[in-house]
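From first to last, the protein sequence lines are chains A and B. Numbered according to UniProt numbering, the first sequence spans residues 1 to 387. Numbered according to UniProt numbering, the second sequence spans residues 1 to 387. These notes are about the structure you will find just below.
Number of protein chains: 2
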Amino acid sequence: MQSTHLREHNLSALLGALVAADSPVSRATLATATGLTKPTVSKLVEELIGAGLITEGAPVPVGAGRPMVPLSPARRTLLAIGLEIAADHVACLGIDLSGEVVAHRLEYLRVTASSADEALRACARVVGQVRADAGDLPVVGAVVAVPGRIAPDDGRVLSAPNLDWTEVPLVGRLLERPELADLTVRAQNDNRLSVLTEIDRRPGDSFLYLRGSTGVGGAIVLDGELMDGRNGWAGELGHTVVEPGGALCRCGRRGCLEAYVSYHSLRERAGLGDEVRIEDLVDALAGSGDRAAVIGLIGRSLGLALANALNILDLDTVVLSGYLAPIAAELDPFIRGTVEAHALAVEAGPVRIERSDDQTDPALHGAARAALQPVLTAPGEWIARTR
Amino acid sequence: MQSTHLREHNLSALLGALVAADSPVSRATLATATGLTKPTVSKLVEELIGAGLITEGAPVPVGAGRPMVPLSPARRTLLAIGLEIAADHVACLGIDLSGEVVAHRLEYLRVTASSADEALRACARVVGQVRADAGDLPVVGAVVAVPGRIAPDDGRVLSAPNLDWTEVPLVGRLLERPELADLTVRAQNDNRLSVLTEIDRRPGDSFLYLRGSTGVGGAIVLDGELMDGRNGWAGELGHTVVEPGGALCRCGRRGCLEAYVSYHSLRERAGLGDEVRIEDLVDALAGSGDRAAVIGLIGRSLGLALANALNILDLDTVVLSGYLAPIAAELDPFIRGTVEAHALAVEAGPVRIERSDDQTDPALHGAARAALQPVLTAPGEWIARTR
């Protein structure tokens, strides 16, 4: 038992080091990176090669010594499936162990309460297509990104205001579809998946992550770890109150941040149709008028919600994502003005307001990455399953 | 090196088990509690007895076997000093390893910016008196509770609005006094010390702690551990905004929770003098008028700040302390109404609003307990120091 446990731990450390490396590495480098002996590394690497998780490249001459054999995560030997349900589309992304995209499918549809079944059928279709496109590679599992609160025990969507969903037994229903019936399926809040790329970019950092999209949501990262809370909902800044008794939010509450700065709320308040793309929102709102006024309005609402969150958490870094990322520099003075007026953190030093990287579909990519995780955590189990 | 480390770890485990026990325990019970062998326990216990950290009681006959020798934390062999600087007094509490109060001294004075020096002299006096009262027992160290933000590196008070203090080099100045010059002195926020008793009462729990006093502050407890944040300021709910652009707070900001529900703000807004004691505040505010209106006002402000904090942290339990504890049941419907209107946590189940225990001076007791911690964490170091 102990040795199975140790073997799993060592396999996971090796595979983790390999996946984290930017370029192919030698067995000797892996031994240094993991602290394992060279004979142990060699033995386990053979096993991982045999299981199709590691690929050996052509030997590279190194000075007078033995040539170096470069090792990489295997490509196209397995499939991790990310699925995203957004207000206007469902999408599926299949990646392999190297993180490379194997297949991607998308269907546009307006997802609402009445179309939940239609959305689930579309989900099943895009998953089926991605699995077929990938030539029926063995699948690690699927993770579904949803803009809402998920019950931690059974994958029900408790509420997803921007889909008009309440109490949708998402995971249960997906498992009824033949395209997913044989898979391990988990559901997760979209913002908590979006932040995964940002965690990789800022190893060990602590920051507050805020994403502007159809709705507004966030995540809290402490020393490189995502904070969970009781139900896995920590970081829901979108429904903190910035104006008591204020505007009606799609969640049914009043004065939520989301009621002021989400794509939905900004567009509707300005009387714009939903043909305005989210990336064009601020341009459309500004029109021929005062762009600074639009930015100021968004920035001040964000500033208040962020100041409150920074006070509660005692953090000093904010990362803006989604439609907020490209306008982060414009928002900065407005957010900063409000944050500096209210956040205690400024007594210790300046608050940093940064933008996330520009990856498109971060929730979908995060979902696929999360789906890959079981292989990285327990390669031995995966090997036993696929043998 | 490794064995010193191991020895310290084992000594700490033994002493921790002994202090946590409600009644005297045997060597055999300690072996079970710590997982150490009986010979190891016997050897280490002898050492702790020799160092005056453990006391052996009279043997108690146990059936036909060898009599049980009851062990307890030693009394009055060392002193841990808690010090509290409040708006209207400074106090010092000396406890021993068993947690028993050895000495307590208090001086009333109005602490303000202009009287910072006077307050520091009073601190030194009460410490000197407590040390003398305790018969000059060896002192582990002193922890000072302050209602404000402390610089984590050097114990400066950055801001303590209810003392009118900004940038007071508290620890540095205390160390200049002969009564404290030979001690390790640390400063800590008063609410973060107050919560320690509550953490003991709810082992492993996660909750939000809110204390109403001259000001209003809080702490966040996750799985029994106090959350720190970047500067050790996490949980500062008192300066989250409940009314944008609202009432002026003593911290200089506008609309803070503290500007609505602290003793200071409630008393001043009602035009009451500071002869009103904090425990009589609500009675005085209600006067012959509408008590429910007073409670409702406090409850709704608290509810909004708590709802925001619960959304950010994804917690479902609130513990009210200070002047809020005795009126927790009265506040409950008003807090609950606002929390249920805004907190996402209610989608997963009811939010619990509870009261803290009724210990008087929780910050002072917490400070003394925190001052004791080094002996519990590293008994070997303490033994070497006092040998």
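Here a beta-carbon is modelled for each residue, glycine too, at the ideal position from N, C-alpha and C.
6 Å CB neighbourhood of residue i in its chain, flanking five on each side removed
{"i": "B/LEU196", "result": "GLY366, ARG369"}
{"i": "B/ARG277", "result": "none"}
{"i": "A/PRO161", "result": "ARG250, CYS251"}
{"i": "B/ALA284", "result": "LEU272, VAL276"}
{"i": "A/GLU46", "result": "none"}
{"i": "A/GLY148", "result": "VAL157, SER159, ALA160"}
{"i": "A/VAL171", "result": "GLY155, VAL185, ALA187"}
{"i": "B/ILE383", "result": "ALA51"}
Inter-residue spacing [alpha-carbon to alpha-carbon] between residue i and residue j
{"i": "B/GLU176", "j": "A/ARG254", "result": "54 Å"}
{"i": "B/THR40", "j": "B/ASN10", "result": "9 Å"}
{"i": "A/ARG7", "j": "A/GLY380", "result": "8 Å"}
{"i": "A/TYR260", "j": "A/ILE298", "result": "7 Å"}
{"i": "A/ARG319", "j": "A/THR360", "result": "At residue 319 of chain A the sequence reads Val, which differs from the Arg that was named. Rounded to the nearest angstrom, the two C-alpha atoms are 16 Å apart."}
{"i": "B/ALA187", "j": "A/ALA122", "result": "59 Å"}
{"i": "B/ILE327", "j": "B/ARG211", "result": "12 Å"}
{"i": "A/HIS264", "j": "B/GLU225", "result": "39 Å"}
{"i": "B/ARG269", "j": "B/ASP290", "result": "16 Å"}
{"i": "B/THR166", "j": "B/VAL146", "result": "12 Å"}
{"i": "A/CYS249", "j": "A/CYS256", "result": "6 Å"}
{"i": "B/GLU279", "j": "B/TYR323", "result": "6 Å"}
{"i": "A/THR317", "j": "A/VAL339", "result": "11 Å"}
{"i": "B/GLY135", "j": "B/LEU183", "result": "16 Å"}
{"i": "B/GLY63", "j": "B/GLY204", "result": "37 Å"}
{"i": "A/GLY238", "j": "B/GLY349", "result": "20 Å"}
{"i": "A/ASP274", "j": "A/SER213", "result": "13 Å"}
{"i": "B/ARG336", "j": "A/VAL139", "result": "46 Å"}
{"i": "A/ALA247", "j": "A/ALA116", "result": "27 Å"}
{"i": "A/ARG201", "j": "A/VAL143", "result": "22 Å"}
{"i": "B/GLY287", "j": "B/PHE334", "result": "20 Å"}
{"i": "A/GLY229", "j": "A/ASP357", "result": "26 Å"}
{"i": "A/VAL282", "j": "A/ASN231", "result": "34 Å"}
{"i": "B/LYS38", "j": "B/SER26", "result": "11 Å"}
Residues that DSSP places opposite residue i in a beta bridge
{"i": "A/ASN189", "result": "A/VAL146"}
{"i": "A/TYR263", "result": "Paired residue(s): none; A/TYR263 is not in a bridge."}
{"i": "B/PRO73", "result": "B/ILE54"}
{"i": "B/GLY217", "result": "B/ARG211"}
{"i": "B/CYS92", "result": "B/LEU83, B/ARG105"}
{"i": "A/GLU225", "result": "A/LEU222"}
{"i": "A/ARG355", "result": "A/LEU320"}
{"i": "A/VAL241", "result": "A/CYS256"}
Beta-carbon proximity list for residue i, same chain, < 8 Å, skipping 5 on both sides
{"i": "B/GLU179", "result": "ALA124, ARG125, VAL127, GLY128, ARG131"}
{"i": "A/GLY57", "result": "PRO24, VAL69, PRO70, LEU71, SER72"}
{"i": "B/THR377", "result": "SER12"}
{"i": "B/MET1", "result": "With a pLDDT of only 43 at B/MET1, under 50, the local geometry of the prediction cannot be trusted, and the value read off the model is given with reservation. Here the set comprises nothing."}
{"i": "A/GLY141", "result": "ALA80, ILE81, LEU183, THR184, VAL185, ARG186, ALA371, PRO374"}
{"i": "A/LEU36", "result": "ASN10, ALA13, LEU14, LEU30, LEU44"}
Same chain, Cβ closer than 7 Å to residue i, five either side skipped, listed in chain order
{"i": "A/VAL60", "result": "PRO67, MET68, PRO70"}
{"i": "A/ALA17", "result": "LEU30, ALA33, THR34"}
{"i": "A/ASP314", "result": "ALA345"}
{"i": "A/ARG119", "result": "In the sequence on display, residue 119 of chain A carries Ala and not Arg. Within the same chain, A/ALA119 has close Cβ partners ILE85, VAL90, LEU109, VAL111."}
{"i": "A/VAL241", "result": "GLY255, CYS256"}
{"i": "B/ARG76", "result": "ASP96, VAL102, LEU137"}
{"i": "B/LEU15", "result": "LEU48, LEU53, LEU376, PRO379"}
{"i": "A/ILE220", "result": "LEU208, MET227, ALA234, GLY235, LEU313"}
{"i": "B/ALA343", "result": "ALA307, LEU310, ASN311, VAL351"}
Integer Cβ distance of residue i from residue j, believed to fall under 8 Å
{"i": "B/GLY218", "j": "B/GLU236", "result": "7 Å"}
{"i": "B/SER206", "j": "B/LEU222", "result": "5 Å"}
{"i": "A/LEU372", "j": "A/ILE95", "result": "7 Å"}
{"i": "B/SER321", "j": "B/TYR209", "result": "6 Å"}
{"i": "B/ALA309", "j": "B/ARG355", "result": "B/ALA309 to B/ARG355, Cβ: 18 Å. No contact."}
{"i": "B/LEU174", "j": "B/VAL185", "result": "5 Å"}
{"i": "B/GLY215", "j": "B/SER262", "result": "5 Å"}
{"i": "A/ASN189", "j": "A/TRP233", "result": "7 Å"}
{"i": "B/LEU304", "j": "A/PRO169", "result": "Going by Cβ atoms, the distance from B/LEU304 to A/PRO169 rounds to 33 Å, so no, they are not a contact pair."}
- Query: Are the region 111–118 of chain B and the region 75–89 of chain B touching by the rule of at least three beta carbon pairs closer than 8 Å?
  - Reply: yes
- Task: For the region 145–162 of chain A and the region 99–107 of chain A, state whether three or more C-beta atom pairs, one from each stretch, are separated by less than 8 Å.
- Result: no
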